[in-house]
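Asker: Shown below is the structure under consideration.
In this note's numbering, the protein residues as written are 38 to 518.
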């Protein structure tokens, strides 16, 4: 009986021990689960080996990179932004109820992220003049510089290589009448232009417009100009390409009225960095002046000329090769000319006939086929100083050779001509409708001098003719033959 009880107590003790172990195990498992449930994974972030802080995930870092990249791209639209993330490393860790200060770490890391730009550096004769976004932008800039010195009617299509090369010439547009047609043979840079990919500060990357402007205008330098005779403040400023205000600011005390010949002025000038050398073939339509042909004739008095053919201008196509540097002509070569329409000569007859204009004392009738309507002498109780005549031919001729001493309007006579014959005789021709000579003209016997008319104190178309000898009136009938 005692043995039986002993065994029973042993069984009870063992059961109690087993129960205790079970409770302890359960408690240990529950504690482990709690710790595991409250263990936080995170990353320690380092920059160049120095801890920046902790973040919950690498995705938070990528979001920082993306937002920072976008911010710099907005700030520097002309640059190809590359964010410098070199030296940033992460270490994965986890800890019970770890305190992750992600916002602080992100903010601190954001201040350490610096942008760089990948651009193309432009060098002219070994000197860096600017940086642009990429190769395509560099080509565009250089082509725009060239295009500034190419006529709009012949803008070319540039080849891919732009430095010291020619390109496929563009077809010149047909010019308007009278204008020149220009065809570009080549356009090259005089200077050596090089391009190289570099990393740089984004703030140094130029827009295409800024790059073109710098290459075309260059950088301003201060030079000394000596005032020349005729210079004014306005003319000097205009020639230098600056405003009068800028000129005065560089030369305090200068006054328009006080500017002295020989004085030195400081001027701000700029020289283009690039020189564009263009070779143009130019065709221009030009007029061909007619030749003048002088033909001698004894049908005209010596010293008298007469145009019998006015001449007609011709047309020709002139071709030149013009070499320019930045639009300024440095050489012009004549190539050829082609006749479009031939000119017609101007023909002038030149008289060779030698005649005497001295009076002979013998007078011819001043009109042909004449009829006398009124004679010399008393008429209407007053002296009729000459004779009146009519004719079917209204042309009036000089009765003898001499010099015209009067040609104009004379009281009572209307349009009147007086010829002095140099031997004491004078003849007068009155009532003309037209006078075809002028005072001082030399006329020969029988030469046309005017047209019969009805001017002055007249009663119908006729010629009133007088002869004077040494100032005395003569009866014309006694002299006419």
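Backbone N, C-alpha and C define an ideal beta-carbon position, used for all residues, glycine too.
Report all residues from its chain with a CB closer than 7 Å to the CB of residue 429; omit the five preceding and five following residues, and keep chain order.
Answerer: 406
Asker: Kindly list the residues whose CB is nearer than 8 Å to the CB of residue 139, restricted to its own chain and excluding five residues on each side of it in sequence; keep chain order.
Answerer: 90, 91, 92, 93, 97
Asker: Pull up the distance between the alpha-carbon of residue 307 and that of residue 83, whole angstroms please.
Answerer: A straight-line Cα-Cα distance of about 51 Å links residue 307 and residue 83.
Asker: By a C-beta neighbour count over all protein chains shown, 10 Å radius and 16 as the cutoff for buried, is residue 463 buried or exposed?
Answerer: buried
Asker: Taking residue 227 and residue 312 to be in contact with their CB atoms under 8 Å, please state how far apart those CB atoms are, rounded to whole angstroms.
Answerer: 4 Å
Asker: With a 10 Å radius around its C-beta and 16 neighbouring C-beta atoms as the bar for buried, classify residue 107 as buried or exposed.
Answerer: exposed
Asker: Are there 16 or more other CB atoms within 10 angstroms of the CB of residue 413, so buried, or fewer, so exposed?
Answerer: buried
Asker: Using alpha carbons as the reference points, say which of 441, 112, 234, 285 lies closest to residue 474.
Answerer: 441
Asker: Figure out for me which residue from 376, 269, 270 has the closest Cα to the Cα of residue 320.
Answerer: Checked all of 376, 269, 270; the closest Cα to residue 320 is 376.
Asker: Checking the sheet assignment: what are the DSSP bridge partners for residue 380?
Answerer: For residue 380, which the question treats as bridged, DSSP gives no partner whatsoever.
Asker: Would you say residue 160 and residue 231 are within 8 Å of each other, going by their C-beta atoms?
Answerer: yes
Asker: Check whether the stretch 324-335 touches the stretch 365-380, counting contact only when three or more Cβ pairs, one atom from each stretch, lie closer than 8 Å.
Answerer: yes
Asker: Quick check: the Cα distance between residue 397 and residue 409, rounded to an integer number of angstroms?
Answerer: Taking C-alpha positions only, residue 397 is separated from residue 409 by approximately 24 Å.
Asker: Who are the Cβ neighbours of residue 507 in its own chain at under 6 Å, not counting the five residues just before and after it?
Answerer: Contacts found: 461.
Asker: May I ask which residues mark the beginning and end of the alpha helix (DSSP H) holding residue 152?
Answerer: Unbroken run through residue 152 is the beta strand (DSSP E), 151-161; no alpha helix (DSSP H).
Asker: Considering only the alpha carbon of each residue, which of 121, 87, 111 lies closest to residue 99?
Answerer: 121
Asker: Please identify the residue among 454, 391, 247 whose C-alpha is closest to the C-alpha of residue 337.
Answerer: Taking each of 454, 391, 247 in turn and checking the Cα distance to residue 337, the smallest one comes out for 391.
Asker: Compute the distance between the beta-carbons of residue 223 and residue 259, then report whether it is under 8 Å.
Answerer: no
Asker: Residues bridged to residue 315 by DSSP?
Answerer: 224, 361
Asker: Please tell me whether residue 478 has its Cβ less than 8 Å away from any Cβ of chain D.
Answerer: The chain labelled as chain D is not found in the depicted structure, where only one protein chain is given.
Asker: Where do the ends of the alpha helix (DSSP H) carrying residue 391 lie?
Answerer: Taken as a continuous stretch (DSSP letters only), residue 391 belongs to no alpha helix (DSSP H), as it is neither H nor E.
Asker: With 16 other CB atoms within 10 Å as the buried threshold, where does residue 452 fall?
Answerer: buried
Asker: Could you please give the first and the last residue of the uninterrupted alpha helix (DSSP H) stretch that includes residue 350?
Answerer: Element bounds for residue 350: n/a, residue is neither H nor E.
Asker: Cβ atoms of residue 471 and residue 445: under 8 Å apart, would you say?
Answerer: no
Asker: Taking the beta carbon of residue 328 as the centre, do at least 16 other beta carbons fall within 10 Å, making it buried, or is it exposed?
Answerer: exposed
Asker: Hey, residue 483 and residue 458: beta-carbon distance below 8 Å or not?
Answerer: no
Asker: Which first and last residues belong to the alpha helix (DSSP H) in which residue 78 is found?
Answerer: First-last for residue 78: 76-84, but that is the beta strand (DSSP E), not the alpha helix (DSSP H).
Asker: Could you spell out the range, first to last residue, of the alpha helix (DSSP H) harbouring residue 111?
Answerer: 95-112
Asker: Please name the residue in 242, 281, 350 whose C-alpha comes closest to that of residue 152.
Answerer: 242
Asker: Specify the secondary structure class of residue 269 as computed by DSSP and reduced to three states.
Answerer: coil
Asker: Under a three-way DSSP split, which group does residue 374 fall into?
Answerer: strand
Asker: Is the distance from the Cβ of residue 485 to the Cβ of residue 432 below 8 Å?
Answerer: yes
Asker: Does residue 411 come out as helix, strand or coil in the three-state DSSP assignment?
Answerer: Three-state DSSP puts residue 411 in a strand.
Asker: Rounded to a whole number of angstroms, what is the C-alpha to C-alpha distance between residue 155 and residue 119?
Answerer: One C-alpha to the other measures close to 7 Å.
Asker: Out of 272, 318, 263, point me to the one whose CA is closest to residue 299's CA.
Answerer: Ranked by Cα distance from residue 299, the options 272, 318, 263 are led by 263.
Asker: Give a yes or no on contact between the stretch 330-344 and the stretch 234-248, applying the rule of three or more CB pairs nearer than 8 Å.
Answerer: With the rule of 3 Cβ pairs closer than 8 Å, the stretch 330-344 does not count as touching the stretch 234-248.
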